[in-house]
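Undergrad: Chains Y and B, in that order, are what the protein sequence lines are. Quick note on our numbering: the first sequence kicks off at 1 and runs consecutively. Quick note on our numbering: the second sequence kicks off at 189 and runs consecutively. Built from N, CA and C at the ideal position, the CB exists for glycine as well. Below is a structure I'd like to ask you about.
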Amino acid sequence: MKRIPFFALLIAAAAPLAVPVDAQIQVGLDNLAAKAKESVNISLDSSMLRLATAFLSKSDQADDPGLKKLIAGLKNITVKKYTFAEEGQYNPADVQPVRDQLRANGWGVLLGLHGDKGGSATDIYTKSVDGQIAGLGVVKVEPKEVTVVYIEGAIDLASLADLAGHFGIPSLGLPGQNSDSKKTKGVQ
Amino acid sequence: MSKNLEDQIRDALRPQDPPEGFAERVVLKSQAALRAETPRPRFRILWPAATVAATAALALSISIEYHSLQEQWAGRQAIQALQIASEELNTARNKVLNQ
């Protein structure tokens, strides 16, 4: 039960900084794929998200209304995650243009964690429209990993965080995390 | 009398040219008769229609299958993307709470 106040507090703090804008963020970073040991590159526009919603309505995931509701409000999802075999295989500056675009387009910094170890940094951005979260951006760099999440559309951060423990995501067992969310479901 | 009869027979048996267009009329009549007698091959009409119907059914089936695969692919991609996003949110939250 601590999750909602946690994110609500952060959102409230970031809201005055947010400016409603509709500019599309270009994540790029495709040059990192060649150097990475593993990479995930997902890009779904609104038409693909409609297909995803249709799939979820028909499949076994239909018993999780939260997931369908979460996807139904989205306009665009871009996720890029690169895992490298060794440190120093990418330049952290490669990610800077994403941060710059988010800031330039009025996205507010919800959370910034920097310099905990070996150049690790995590920035969580949100776009706010009429007091509602209308976008989420995550830029995380670690010595051997780069992750960028860019989600456009009405999104409930608490519901998104609650997905942990579903669909094979291991639950982190965080304080306040709903025990129901610890169940796992395999993705078909 | 016998000479008159002989002349009549000779006249009757004398080769004569057919009237103009006789050969063409004969050919046309024989062709018409042949067409009337030969049963119309139904498959000549049915085959193109059957081919069009089969092609349309195949195209529809492929289209439905492709759409279904697209839905499946999009659904799995969306789940994976949200998994990663959820994971990152929880990791960040965990770090904050542990600080």
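(1) Taking the alpha-carbon positions, what's the B/Leu201 to B/Leu234 distance?
(2) Identify, in the order they occur along the chain, each residue of the same chain with its Cβ nearer than 6 Å to the Cβ of Y/Ala121, setting aside the five sequence neighbours on each side.
(3) From what residue to what residue does the alpha helix (DSSP H) around B/Lys217 run?
(4) Drop a sphere of 10 angstroms on the beta-carbon of B/Asn192, count the other beta-carbons inside from all chains shown, and report buried for 16 or more, exposed for fewer.
(5) Mind reading off the beta-carbon distance from Y/Tyr125 to Y/Val109? Whole number of angstroms is fine, and I expect it under 8 Å.
(6) My output table needs one value for Y/Ile155: the three-state DSSP class, helix, strand or coil.
(7) Quick check on B/Ala238: does DSSP put it in helix, strand or coil?
(8) Taking DSSP as the reference, what is the three-state secondary structure of Y/Gly135?
(9) What does Y/Phe55 touch in chain B if you count any residue whose Cβ is under 7 Å from its own?
(10) Of all Cβ atoms in chain Y, is any one closer than 9 Å to the Cβ of B/Arg232?
(11) What do you get for B/Ala280, buried or exposed, if any count of 16 or more other CB atoms within 10 angstroms of its CB means buried?
(12) Please classify Y/Val129: does DSSP put it in a helix, a strand, or coil?
(13) Is there at least one Cβ from chain B nearer than 9 Å to Y/Leu32's Cβ?
(14) With DSSP collapsed to three states, give me the class of B/Asp205.
(15) If you follow the alpha helix (DSSP H) that Y/Leu74 is in, where does it begin and where does it stop?
TA: Taking the definition as stated:
(1) 55 Å
(2) His114, Val141
(3) 210-225
(4) Exposed, since its Cβ has fewer than 16 Cβ neighbours within 10 Å.
(5) 6 Å
(6) coil
(7) helix
(8) strand
(9) Glu259, Gln260, Ala262, Gly263
(10) Taking 9 Å as the threshold, the shortest C-beta distance from B/Arg232 to chain Y does not fall below it.
(11) By the 10 Å Cβ count, B/Ala280 comes out buried.
(12) strand
(13) no
(14) Collapsing the DSSP output to three states places B/Asp205 in coil.
(15) Where Y/Leu74 is concerned, there is no enclosing alpha helix (DSSP H), although the beta strand (DSSP E) it sits in stretches over 74-83.
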